[in-house]
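The sequence shown begins at 1 in my numbering and counts up by one.
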Amino acid sequence: MRTDERQQALTERVLTTGSATVAELVALVGASEATVRRDLAELDERGVVRRVHGGARRPGLRGVDVVPGAQPHPNAAGRDRVAHAAAALLAPGEAVILDSGTTGTEVARSLTGPHRVVPLSLTVAEALAGRDGLDVTVPGGDLRPGSLSFVGPMTERALAGLRVDTAVVSPCGFDLRGATAFDLGDAAVMQAAMRSAERRVLVCDASKWGGSAFAWFADPGEFDVLVTDQVLTADEAGRLDELGVRVVAA
C-alpha cells in the first residue's frame, strides 16, 4: 500500500468512527506500528486527525475558511458519497439552494435537470453553468476571497425573497448540539437559506461530525434530512429519530 493510500485509509477510519487505537489502525492497513505512528504524526501536523495517547481521534474546532482545491479534503471519498446521495433526494423540477464549499460543489456536479438552482458561491455556480436542464439564479452579495462564497445583507435579502423546495447546507462542524459555520456571516446566510426552504437537508461527511466552528446556525431538529457517512451510535440515531430527522446513510 502506498503512503497516500495508507494515510487515506487511516484518515477515513478515524473520521468515520471518531477515534481509533494504533493497534486497530495497524490491523487495518497491515503496516508496522512505527509506520502508523509516523503517519499519524504527519496527519496531525496537517490538521487532519488529532494524535492522542495510543491512537488518534477526530479533530475538534474548525475555524478556517475553506478554499476549494487549496488542500486535499480529509474525507474526499465520504464527501462525494454524501453529495451524490443528497443529489438523489432532489425530485425533478425542484428549486434548490446549494451551499458554498466543496460538498455543495460536488452536489452541483451530481445534479441532473430539470432544476432551478440558487448557488451560494461562484465555485458552485461555475459547476452548474451551461448544464442542460439547470437554470441558475445567483443571489449576489459580498464575495468572500478564498471560498468565493456570497455573504452579507444583500445575500440575505436576496434569499429572503425566494421560496424554494429544498435547501442543501453543509456545516463546518455538527453534533447533537447543532450545526456550526465558519463565522457569523456564513451562519446568517445559512439561516436565510433555511428560512426560504420547505425542506432542509444537512450534508455532513464524517470529517465534520463531532467538530465545531465559531458560529452556531441551527439545532439538529431544524433539519428534515441528514445525509452522512458517519457511523452513528445508538444514542445518536435514537436522538435524531426523536427529533424527526430522517438519516440517509451515504
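Yeah, the Cβ is synthetic: ideal placement off N, Cα and C, and Gly gets one too. This one's a predicted model, so the numbers in the text were calculated from it and none came from an experiment.
- The criterion of a C-beta distance shorter than 8 Å is satisfied by residue 179 and residue 218.
- Per the C-alpha coordinates, the member of 114, 107 and 160 positioned closest to residue 227 is 107.
- Residue 52 counts as exposed, since fewer than 16 other beta carbons sit within 10 angstroms of its beta carbon.
- Assigned with DSSP and collapsed to three states, residue 16 falls in helix.
- Taking a C-beta distance under 8 Å as the contact criterion, residue 150 and residue 189 qualify as a contact pair.
- With respect to residue 9, residue 250 sits apart: the two C-beta atoms are not nearer than 8 Å.
- Beyond the five residues adjoining it in sequence on each side, residue 245 comes within less than 8 Å, by CB distance, of 220, 221, 223, 224, 225 and 226 in the same chain, given in chain order.
- Annotation for residue 126: no residue places its beta carbon closer than 6 Å to its own, counting only its chain and skipping 5 residues before and after.
- In the three-state DSSP reduction, residue 55 falls in the strand class (E or B).
- Within its own chain, the residues whose Cβ lies closer than 8 Å to the Cβ of residue 37, once the five positions on either side in sequence are excluded, are 22, listed in chain order.
- Residue environment: residue 119 is assigned as buried (16 or more neighbouring CB atoms within 10 Å of its CB, all protein chains considered).
- Leaving aside the five residues that flank residue 95 on each side, the residues in its chain whose CB is nearer than 6 Å to its CB run, in chain order, 116, 164 and 165.
- As computed with DSSP, residue 177 is found in no beta bridge at all.
- If you draw a straight line from the Cα of residue 87 to the Cα of residue 40, it is about 33 Å long.
- Using a Cβ-Cβ distance cut-off of 8 Å, the stretch 229-237 and the stretch 196-214 are in contact, since at least three pairs of beta carbons, one from each stretch, lie closer than that value.
- In this structure, residue 100 sits away from residue 159, with a CB-CB distance that is not shorter than 8 Å.
- Counting the other CB atoms within 10 Å of its CB gives residue 145 a total below 16, which places it among the exposed residues.
- Collapsing the DSSP output to three states places residue 31 in coil.
- Per DSSP, residue 145 lies in no beta strand (DSSP E) segment and is marked neither H nor E.
- For the 8 Å CB-CB criterion, residue 168 and residue 203 form a contact.
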